[in-house]
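**Q** Residues 873 to 1154 (this note's numbering) make up the sequence shown, in order.
From the three backbone atoms N, C-alpha and C, an ideal C-beta is built for every residue, glycine too.
This one's a predicted model, so the numbers in the text were calculated from it and none came from an experiment.
Below: one structure in structure tokens.
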Amino acid sequence: MSPRPPAPRPADLRAEPVDDVLGHVEGALRTRLDRGTLVRKRRSLGARSERGTWVRVERRGLDRIGLQGGDGTACAAALRGIAKPAWRAGIAWRDEAEPVVWRADETDLLPGAPVGRAVMAEHPGLSEEWWAALNASLDALAAQRTHRIATPDTETLTQELVTSTIDGVFPSLVTTVRELRPAHADLNWANMTAPVFCLFDWEDWGMAPRGLDAATLWGASLAVPALADRVRAERAADLESREGKLMTLFVATKIIGPHADPEDPRLGAARETAQRVARELG
873 MSPRPPAPRP ADLRAEPVDD VLGHVEGALR TRLDRGTLVR KRRSLGARSE
923 RGTWVRVERR GLDRIGLQGG DGTACAAALR GIAKPAWRAG IAWRDEAEPV
973 VWRADETDLL PGAPVGRAVM AEHPGLSEEW WAALNASLDA LAAQRTHRIA
1023 TPDTETLTQE LVTSTIDGVF PSLVTTVREL RPAHADLNWA NMTAPVFCLF
1073 DWEDWGMAPR GLDAATLWGA SLAVPALADR VRAERAADLE SREGKLMTLF
1123 VATKIIGPHA DPEDPRLGAA RETAQRVARE LG
């Protein structure tokens, strides 16, 4: 067995110099990026191109490439029945100085702005048509198959990860996963648009326990109880399944576990739900 690649140094692209990276992308894709539209996140960048497309650039350590190679957006182009931006081109290259892979993907522009931040602080007031489109896309995704494995937070979603995460708070539960379905694996309010629904940022999608996406979106909504209730109502079939309950615990224990933020407004609701679901599973 070959040794695991070394982990790269921690980096935050909101603060790192990125001109060389953007220049490399422009040369490879043969377009210019509008720096005035640049969106900087912790591990990704995005900007509009001169030809009216969007280019997203991600920095990912070699130790986090795993089984899926970091090409999620390109692979998602084969998925059908899902509202997502069309993929046009992609490039990848290894950093010369660090154990890091850079990946840039060019897609069509989004049909609207992101619904909000990843974790919502207020109700977005979405239309019935929006919720119907969300459900149609998630149902279409679940009906398909892939050899990819989901990587929420860039961690490969193995049985060991599920067990160790839940065991940190509920060590006596049986956490064996039996039902897998394709999942977006980063379903939060910053990765969907409104008023027209569109789901983007497909870097981490792959097979996962049923209910991962629904539980992730529920967890991102807990600071707004009415929104969290709506997510639970819309995705009840997933969340009330056995794997859906495990994924609810998986998400909740990330919020309330050893590294919990005492200022997180989701703590109370996450703890209450986790205790109830643990009793149901126990």
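1) May I ask you to verify whether the region 1017–1025 touches the region 1053–1064, counting CB pairs closer than 8 Å and requiring at least 3?
2) Label V1068 either buried or exposed according to how many other C-beta atoms from any shown protein chain fall within 10 Å of its C-beta, with 16 as the threshold for buried.
3) Under a Cβ-count criterion, where at least 16 other Cβ atoms within 10 Å of its own Cβ denotes burial, should M873 be classed as buried or exposed?
4) Quick one: what's P1081 bridged to in DSSP?
5) Between the alpha carbons of R932 and L1029, how many angstroms are there, rounded?
6) Among A1150, R928, E888, which one has its Cα closest to the Cα of V1041?
7) By Cβ distance, which residues of its chain are closer than 7 Å to L1099, with the 5 residues on each side in sequence left out?
8) Quick one: grab the DSSP three-state call for M1064.
9) Using 8 Å as the cut-off, can you tell me whether the region 1105–1115 makes contact with the region 973–986, which would need three or more C-beta pairs spanning the two stretches below that distance?
10) Taking just the CA atoms, how far does T1048 sit from L885?
11) So, with DSSP's three-state summary, where would you put P971?
12) Between the beta-carbon of A955 and the beta-carbon of S999, is there less than 8 Å?
13) Going by CA-CA distance only, name the one from A1012, L1059, W1003 that's closest to F1072.
14) Run the CB neighbour count on V911, radius 10 Å, all protein chains shown included, and call it buried at 16 or more, exposed below.
15) Whole angstroms is fine: what's the gap from S1044's alpha carbon to D1133's?
16) Return the CA-CA distance between V890 and R1050, expressed in angstroms with no decimal places.
17) Kindly list the residues whose CB is nearer than 8 Å to the CB of V1096, restricted to its own chain and excluding five residues on each side of it in sequence; keep chain order.
18) With the cut-off set at 8 Å, would you say P877 and E970 are in Cβ contact?
19) Who are D977's beta bridge partners in DSSP?
20) For A887, count neighbouring C-beta atoms within 10 Å of its own C-beta (all shown protein chains included) and say buried if the count is 16 or more, exposed if not.
21) Could you tell me whether the Cβ atoms of K1126 and T1037 are closer together than 8 Å?
22) In its own chain, which residues sit with a C-beta less than 8 Å from the C-beta of D906, not counting the 5 before and 5 after it?
**A** Taking the structure as given:
1) yes
2) exposed
3) Because the pLDDT of M873 is 48, which lies under 50, any placement of that residue in the model is unreliable, and the number read from its coordinates should be weighed accordingly. Classification of M873: exposed, given that the 10 Å Cβ count is below 16.
4) L1052
5) 16 Å
6) A1150
7) M992, H995, S1093
8) strand
9) no
10) 37 Å
11) coil
12) no
13) L1059
14) exposed
15) 24 Å
16) 43 Å
17) M992, A993, E994, H995
18) no
19) R928, G962
20) exposed
21) yes
22) A919, R920, S921, E922
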